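Visitor: Here you go, one structure.
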Amino acid sequence: MTTQTTAANGSQFEHPSFDLSNPQHLAMRKVIADLHWKHAAALQRGVLTTAARYRGMASGLEKAARFILKDDDLSWFCFRLVCSFEDMEELYRKRVGA
Numbered sequence: 400m401t402t403q404t405t406a407a408n409g410s411q412f413e414h415p416s417f418d419l420s421n422p423q424h425l426a427m428r429k430v431i432a433d434l435h436w437k438h439a440a441a442l443q444r445g446v447l448t449t450a451a452r453y454r455g456m457a458s459g460l461e462k463a464a465r466f467i468l469k470d471d472d473l474s475w476f477c478f479r480l481v482c483s484f485e486d487m488e489e490l491y492r493k494r495v496g497a
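So this is what it looks like as structure tokens:
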């Protein structure tokens, strides 16, 4: 019923939000924030290989959320984190090449 209602009112394109009453979401929120900080710090230090490792960890979180936890929202958050890391690395490469 929820899926039908969501599709009917057009909200299927809304982004999910963290459910702060869900312990898995709270734990993943902390892990995501920690990985984001470490990735940014690695890029700031100019260590692209370390940044790439953190991107790999984020990719692993996305797969765990999707296949093990079966949580589409967490999977989406982690996927967006990986995309953010890729964007940041591309900007870093452009800045270094300039």
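Quick note on our numbering: the sequence shown kicks off at 400 and runs consecutively. The beta carbon of each residue, even a glycine, is placed where N, CA and C say it ideally should be. Treat the numbers as computed from the prediction; the structure is a model and nothing was measured.
#1: Return helix, strand or coil for SER474, following the three-state DSSP convention.
#2: Identify the continuous alpha helix (DSSP H) that holds GLU461 and give its terminal residues.
#3: According to the Cβ coordinates, are ALA457 and CYS477 closer than 7 Å?
#4: Give the range of the alpha helix (DSSP H) segment to which LEU434 is assigned.
#5: Quick one: Cα of HIS414 to Cα of ASP472, how far?
#6: Which same chain residues end up closer than 8 Å to GLU488 when comparing Cβ atoms and leaving out the 5 residues on each side of it in sequence?
Guide: The relevant details are as follows:
#1: helix
#2: 447 to 462
#3: yes
#4: 422 to 444
#5: 9 Å
#6: LEU442, LEU447, ALA450, ALA451, ARG454
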